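One structure is given here, and the rest of the page talks about it.
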Amino acid sequence: ASRRHAAVARDLIATLAATVEEHKQRLGEIDAVAGDGDHGIGMSRGSRAALEAAESAVSSGGGVGSVLSAAGAAFGDRAGGTSGILWGLVLDTVGDGLGNQEPVNLGRLAEAVRAATTRVQTFGRAELGDKTMLDALCPFADALEQATDTALTLPEAWRAAAESCAKAAEATAPMVPKVGRARPLADRSLGTPDPGAVSLALIVAAIGERLDQ
Ligand code: ADP
Ligand code: MG
Ligand code: MG
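Heads up: take any position in the sequence shown, counting from 1, add 360, and you land on UniProt numbering.
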C-alpha cells in the first residue's frame with residue numbers, strides 16, 4: 361500500500377504542475393491587477409521543481425509522506441514568491457501528517473490539511489478575510505473535516521471540498537487585500553479574486569477529478 365500511495369502522490373503533484381501550466385498566464389494576469397504579476401511564473405517554477413523532487417523520492421523508495429515533503433521543500437526553494445513558500449509549507453505539512461507507514465484515509469487526510477492550514481496561518485499571519493489563499497484553504501479544510509462524519513468516500517469528500525474551495529476563491533473578489541504585495545494597490549483588486557485563492561481552487565479541483573482514476 362505504501363508504494364502505491366507514494367506513486368499516487370507523485371501523480372497528484374504532476375496534476376498540480378499541469379494545472380498551473382494550463383492556467384499560468386491567467387494567474388499572472390490576476391496577480392498583475394494589484395500585485396506584481398508573477399503568480400503564474402512562480403507557481404510554474406515551484407511546481408515543476410516539486411514534480412522532479414517527487415519523482416526522485418518515488419524512485420528512491422520513499423513513502424507518501426517523504427514524496428510530499430520532498431515536493432514541498434523543492435516548491436518553496438524554487439518558486440521564489442510568497443505563495444511558493446506557503447505551498448512548500450502545505451505540501452510538507454500534509455506529508456508529515458500522512459507519514460510513510462499508515463494507509464491514507466479521509467480522517468487522516470482531513471487532519472493533515474487542517475495542520476497545513478494552521479501552518480499557513482501561523483507563518484503568513486493573515487486573518488480570514490484578508491484576501492489571501494487562506495480564504496480558500498480554510499473552507500477546503502472545513503469541508504474535508506465535515507465530510508469525515510458522512511458516508512462520503514475520500515474522492516467524493518475531496519470533490520465536495522473542492523467545490524467549497526472554488527466558491528470561497530470566487531468570494532474573495534469583493535474583498536480588500538490586507539497583506540502581501542497587493543496591499544498598496546488594494547482598491548484596484550476590488551472585483552478580482554485573489555490569485556493565490558484562485559490557483560488553489562483550480563489545483564484541488566483538478567486533483568479531485570483524478571482521484572479515483
Ligand atoms: P508574491 O506576492 O511574493 O509575488 P505570488 O504572486 O506567487 O507571490 O503569490 C501571491 C499570493 O500569495 C496572494 O494572492 C495570496 O494568496 C498569497 N499570500 C500572500 N501573502 C500571504 C500571507 N501572508 N498569507 C497567506 N497567503 C498569502
Ligand atoms: Mg506576485
Ligand atoms: Mg512576486
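No residue lacks a Cβ here, since even glycine has one placed at the ideal position from N, Cα and C. What you are looking at is a predicted structure, and each value in this text was computed from that prediction instead of being measured.
What do you reckon, is the C-beta of arginine 543 under 7 Å from a heavy atom of ligand 3?
For ligand 3, not one heavy atom lies less than 7 Å from the Cβ of arginine 543.
Below 8 Å on the Cβ atoms is my contact criterion, and I expect valine 480 with leucine 497 to pass it. Report the Cβ-Cβ distance as a whole number of Å.
Taking the Cβ atoms as the reference, valine 480 lies roughly 6 Å from leucine 497, within the contact range of under 8 Å.
Could you pull the start and end residues of the alpha helix (DSSP H) that aspartate 495 belongs to?
Aspartate 495 -> alpha helix (DSSP H) spans 494–507.
What I want to know is whether the C-beta of histidine 383 ends up closer than 7 Å to one or more non-hydrogen atoms of ligand 2.
Look at histidine 383: its beta carbon is at least 7 Å from all of the heavy atoms in ligand 2.
Using DSSP with H/G/I as helix, E/B as strand and the rest coil, what is leucine 488?
It is coil, neither helix nor strand.
Suppose you measure from the CA of methionine 403 to the CA of alanine 431; what does that come to, to the nearest Å?
C-alpha separation (whole angstroms): 13 Å.
Any alpha helix (DSSP H) of 4 or more consecutive residues that is wholly inside the segment 384–453:
399–419 and 424–439, all fully within the segment 384–453.
Looking at ligand 3, does it come within less than 7 Å of glycine 400, judged from the CB to the closest heavy atom?
No, Cβ of glycine 400 sits at least 7 Å from all heavy atoms of ligand 3.
Excluding the five sequence neighbours on either side, which residues of its own chain have a C-beta within less than 6 Å of the C-beta of valine 454, listed in chain order?
Hits under 6 Å: Leu428, Ala472 and Ala476.
Among Ala526, Leu545, Ala392 and Gly440, which has the Cα closest to the Cα of residue 595?
Here the chain covers residues 361 to 573 and nothing more, so residue 595 does not appear.
Could you give the residue range of the alpha helix (DSSP H) that holds arginine 519?
Taken as a continuous stretch (DSSP letters only), the alpha helix (DSSP H) holding arginine 519 covers 514–530.
What do you reckon, is the C-beta of glycine 440 under 7 Å from a heavy atom of ligand 2?
No, ligand 2 has no heavy atom inside 7 Å of this Cβ.
Among Ser362, Ala434 and Leu372, which has the Cα closest to the Cα of leucine 571?
Checking every option, the nearest Cα to that of leucine 571 belongs to Leu372.
I need the straight-line Cα distance from alanine 439 to arginine 405, nearest angstrom please.
Roughly 5 Å separates the two Cα atoms.
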